[in-house]
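>
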Amino acid sequence: MNLVLGLSMTSSAVRWVLVEGTTGEGDTVDRGACDLTDAVEPEDLLDVVLANDLEGPIHAIGVTWTNEAENTASGVLDALASRGFGNVIAVSELEAADVLAAGLAEIGGYDDLAVCVCEPDATVVAVVRPAGVTVDRVARPADGADATESVVALWQLDEWHPDTVFVLGSAEDLDATMSALAESTEAPVLSAAGADLALARGAALASARTVTGMAPAGPRLPSKVGALASVLAAAVVTFVVSLSVAVGLSLSGGTPSEPSQAAAAANPVDEPEGAAAASEPTEKKVSTPAEARKVVAQTIAVAVPPPPGPPVETVTVTSDPPPPPETTQA
Numbered sequence: 010m011n012l013v014l015g016l017s018m019t020s021s022a023v024r025w026v027l028v029e030g031t032t033g034e035g036d037t038v039d040r041g042a043c044d045l046t047d048a049v050e051p052e053d054l055l056d057v058v059l060a061n062d063l064e065g066p067i068h069a070i071g072v073t074w075t076n077e078a079e080n081t082a083s084g085v086l087d088a089l090a091s092r093g094f095g096n097v098i099a100v101s102e103l104e105a106a107d108v109l110a111a112g113l114a115e116i117g118g119y120d121d122l123a124v125c126v127c128e129p130d131a132t133v134v135a136v137v138r139p140a141g142v143t144v145d146r147v148a149r150p151a152d153g154a155d156a157t158e159s160v161v162a163l164w165q166l167d168e169w170h171p172d173t174v175f176v177l178g179s180a181e182d183l184d185a186t187m188s189a190l191a192e193s194t195e196a197p198v199l200s201a202a203g204a205d206l207a208l209a210r211g212a213a214l215a216s217a218r219t220v221t222g223m224a225p226a227g228p229r230l231p232s233k234v235g236a237l238a239s240v241l242a243a244a245v246v247t248f249v250v251s252l253s254v255a256v257g258l259s260l261s262g263g264t265p266s267e268p269s270q271a272a273a274a275a276n277p278v279d280e281p282e283g284a285a286a287a288s289e290p291t292e293k294k295v296s297t298p299a300e301a302r303k304v305v306a307q308t309i310a311v312a313v314p315p316p317p318g319p320p321v322e323t324v325t326v327t328s329d330p331p332p333p334p335e336t337t338q339a
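If you want our numbering, it's the position in the sequence shown, counting the first as 1, plus 9.
1. Below 8 angstroms on the Cβ atoms is my contact criterion, and I expect A212 with C127 to pass it. Report the Cβ-Cβ distance as a whole number of Å.
2. If you drop the 5 nearest sequence neighbours on each side, which residues of the same chain put their C-beta closer than 6 angstroms to that of D32?
3. Restricting to Cα atoms, I'd like to know which of D44, N80, S21, N11 is closest to I70.
4. What residues in its chain sit with their C-beta under 8 angstroms from that of T157, if we drop five residues either side in the sequence?
5. Determine the burial state of P171: buried for a count of at least 16 other Cβ atoms within 10 Å of its Cβ, exposed for fewer.
6. Where does D46 land, buried or exposed, given buried means 16+ other C-beta within 10 angstroms?
7. Along the beta strand (DSSP E) that carries D39, what are the first and last residues, could you check?
8. Output needed for G117: all residues of its chain with C-beta closer than 6 angstroms, excluding positions within five of it in sequence on either side, in chain order.
9. Ignoring anything shorter than 3 residues, give me the beta strand (DSSP E) runs that lie fully in the segment 48–109, in order along the chain.
10. To the nearest angstrom, how far is it from the Cα of L103 to the Cα of A140?
11. For L54 and V85, which I take to be in contact (beta-carbon distance under 8 angstroms), what is that distance rounded to the nearest angstrom?
12. Is it true that the CB of L177 sits closer than 7 angstroms to the CB of A207?
13. Measuring only the C-alpha atoms, how far is E300 from W169?
14. Hey, G35 and W25 are a contact pair by Cβ (cut 8 angstroms); roughly how many whole angstroms apart?
15. Comparing alpha-carbon positions, which option in A78, L113, L109 lies nearest V49?
16. What is the rounded straight-line gap between the Cα of P316 and the Cα of T173?
17. Between P150 and S91, what straight-line distance do the alpha-carbon atoms span, to the nearest angstrom?
18. Can you tell me whether M18 is helix, strand or coil according to DSSP?
19. Would you check if the distance between the CB atom of L122 and the CB atom of D145 is smaller than 7 angstroms?
20. Which residue marks the beginning of the alpha helix (DSSP H) containing R149, and which one marks its end?
21. Could you check whether V57 and C43 sit closer than 7 angstroms to each other, using their CB atoms as the reference points?
22. Is it buried or exposed for M18, if we count other Cβ within 10 angstroms and need 16 for buried?
23. Taking its Cβ as the centre, do 16 or more other Cβ atoms sit within 10 Å of I112, making it buried, or is it exposed?
24. Give the straight-line distance between the Cα atoms of T221 and H68, rounded to the nearest whole angstrom.
25. State buried or exposed for D120, treating a residue as buried only when at least 16 other CB atoms are found within 10 Å of its CB.
26. Less than 7 angstroms separating the beta-carbons of A88 and E52?
27. Where DSSP assigns a beta bridge to L177, which residues make up the other side?
28. What separation, rounded to the nearest whole angstrom, lies between the Cα atoms of V100 and A215?
29. Measure the CB-CB distance between A110 and V147 and report whether it falls below 7 angstroms.
30. What would DSSP say about T132, mapped onto helix, strand or coil?
31. Indicate the three-state DSSP secondary structure (helix, strand or coil) for V117 in the structure shown.
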């Protein structure tokens, strides 16, 4: 069994996800996070990430980082090279967000979508339109305040308004950012459980596709902050499905759209027995990947209408014609 490893680094933490297959779209084998409050040696960090006995070769390793984590990322890249990994791909945070946004738009059928990946150091904003995807980085203000106003300004430059907004990432003020965005747009603002692994999964997918040599698909527009380091393939539908399994992508939001509520009322779905007791996996800080929880996909049972009854027979009743009228002779 081949594996793909995705690593994302910020100034405060390292997160990783290990998935099956060679595409970066497989089931999650392991995942975890490690705080960087104190200086950590790259070799020690890799000992934690690769603590488990791997069940197969690593096909690709994707490493993405914010600008503030450049030194940590450089050390990790060198440590991976010293261990003989020749399939390591450096993926910019913009590229990882691009893959995520394209996949969400594909599976959700969105023509105009905004995806905000909020990290402690910056927010990456991916805007999906029919013509393609643009990705921008909004630095967090020096005072630590959120960058909501700058984010909204990006898509209001040309009076563009998204149909839906996704808010993901590992920033501690993710909920506050979500609420602020909800007040700034009429579009539904959605978040996800375990969304802090979004960039790590994006890095895994991007690296897998690069190593495999798959060509990019779909148009893309130049970013307002300059050209990306390289052009990677747009996400496929199965990526977002696997992402929902990997990071527990259960949509939630304080401002759901009315059509969705109406559809839910008109088309009730019977939940399988025991589904109410199932809970979304919660990401937790771990000291080794072995402690990370493994996510299992849930199957939703949809109510099936009863079969039609037996056909109704139509009986035709005929009656004898009335007798002819009697004639009277004069």
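Note that beta-carbon positions come from the ideal geometry of N, C-alpha and C, so glycine has one too.
To lay it out plainly:
1. Looking up residue 212 in the sequence shown gives position 203. Looking up residue 127 in the sequence shown gives position 118. With 8 angstroms as the limit, A212 and C127 do not qualify as a contact, their Cβ atoms being about 17 angstroms apart.
2. Within the sequence shown, residue 32 is the residue found at index 23, counting from 1. The question names Asp, but residue 32 in the sequence shown is Thr. Excluding residues within five positions, the ones whose Cβ falls inside 6 angstroms are A217.
3. Within the sequence shown, the letter at position 61 stands for residue 70. Checking every option, the nearest Cα to that of I70 belongs to N11.
4. Counted from its first residue, the sequence shown places residue 157 at position 148. Contacts found: T186, A189, L190, S193.
5. Reading the sequence shown from its first residue, position 162 is the one you call residue 171. By the neighbour-count rule (16 or more Cβ atoms within 10 Å), P171 is buried.
6. Locating residue 46 in the sequence shown gives position 37, where the first residue counts as 1. Checking the displayed sequence, the identity of residue 46 turns out to be Thr instead of Asp. That one is exposed.
7. Here residue 39 is taken as the residue at index 30 of the sequence shown, counted from 1. Segment 37–44, the beta strand (DSSP E) holding D39.
8. Indexing the sequence shown from 1 puts residue 117 at position 108. Nothing listed; no residue qualifies.
9. Here the runs fully enclosed are 67–74, 97–99.
10. Within the sequence shown, the letter at position 94 stands for residue 103. Within the sequence shown, the letter at position 131 stands for residue 140. Spanning the two alpha carbons is a distance of roughly 18 angstroms.
11. Indexing the sequence shown from 1 puts residue 54 at position 45. Indexing the sequence shown from 1 puts residue 85 at position 76. Confirmed, about 6 angstroms.
12. The count along the sequence shown starts at 1 and reaches residue 207 at position 198. The count along the sequence shown starts at 1 and reaches residue 177 at position 168. Yes.
13. Taking the sequence shown and counting its residues from 1, one reaches residue 300 at position 291. Taking the sequence shown and counting its residues from 1, one reaches residue 169 at position 160. With a pLDDT of only 38 at E300, under the threshold of 50, the placement of this residue in the model should not be trusted; the figure read from the coordinates follows. Rounded to whole angstroms, E300 to W169 spans 44 angstroms at the Cα level.
14. As a position in the sequence shown, residue 35 is number 26, starting the count at 1. As a position in the sequence shown, residue 25 is number 16, starting the count at 1. Going by Cβ atoms, the distance from G35 to W25 rounds to 15 angstroms, so no, they are not a contact pair.
15. By 1-based counting over the sequence shown, the position of residue 49 is 40. Taking only the C-alpha atoms, the option nearest V49 is A78.
16. Position 307 of the sequence shown, counted from the start, is the residue given in the question as residue 316. Position 164 of the sequence shown, counted from the start, is the residue given in the question as residue 173. In this prediction, P316 has a pLDDT of 44, which is less than 50 and means its spatial position is unreliable; what the coordinates show is noted afterwards. Going from the Cα of P316 to the Cα of T173 covers about 38 angstroms.
17. For the purposes of this step, residue 150 is identified with residue 141 of the sequence shown, where counting begins at 1. For the purposes of this step, residue 91 is identified with residue 82 of the sequence shown, where counting begins at 1. Between P150 and S91, the C-alpha separation is close to 37 angstroms.
18. In the sequence shown, the residue the question calls residue 18 occupies position 9. Looking at M18 - three-state DSSP - the assignment turns out to be strand.
19. By 1-based counting over the sequence shown, the position of residue 122 is 113. By 1-based counting over the sequence shown, the position of residue 145 is 136. No.
20. Translated into the one-based positions of the sequence shown, residue 149 becomes position 140. No alpha helix (DSSP H) contains R149, which DSSP labels as neither H nor E.
21. For the purposes of this step, residue 43 is identified with residue 34 of the sequence shown, where counting begins at 1. For the purposes of this step, residue 57 is identified with residue 48 of the sequence shown, where counting begins at 1. Taking 7 angstroms as the Cβ cut-off, C43 and V57 qualify as a contacting pair.
22. Counting from one through the sequence shown, the residue named residue 18 turns up at place 9. Buried, since its Cβ has 16 or more Cβ neighbours within 10 Å.
23. Position 103 of the sequence shown, counting from 1, holds the residue named residue 112. Sequence inspection shows Gly at residue 112; the Ile mentioned does not correspond to that position. Its Cβ being crowded by 16 or more others within 10 Å, G112 is buried.
24. Start at 1 with the first residue of the sequence shown, and residue 221 comes out as number 212. Start at 1 with the first residue of the sequence shown, and residue 68 comes out as number 59. So the two alpha carbons sit approximately 9 angstroms from each other.
25. Taking the sequence shown and counting its residues from 1, one reaches residue 120 at position 111. Burial call: exposed.
26. Position 79 of the sequence shown, counting from 1, holds the residue named residue 88. Position 43 of the sequence shown, counting from 1, holds the residue named residue 52. Taking 7 angstroms as the cut-off, the beta carbon of A88 is found closer than this to the beta carbon of E52.
27. Start at 1 with the first residue of the sequence shown, and residue 177 comes out as number 168. L177 is bridged to V126.
28. Within the sequence shown, the letter at position 91 stands for residue 100. Within the sequence shown, the letter at position 206 stands for residue 215. Whole-angstrom Cα-Cα distance: 7 angstroms.
29. Counting from 1 along the sequence shown, the entry for residue 110 is found at position 101. Counting from 1 along the sequence shown, the entry for residue 147 is found at position 138. No, the Cβ-Cβ distance between A110 and V147 is not below 7 angstroms.
30. Start at 1 with the first residue of the sequence shown, and residue 132 comes out as number 123. Collapsing the DSSP output to three states places T132 in a strand.
31. Here residue 117 corresponds to residue number 108 of the sequence shown, with the count starting at 1. Looking at the sequence provided, one finds Gly at residue 117 rather than Val. Helix, per DSSP.
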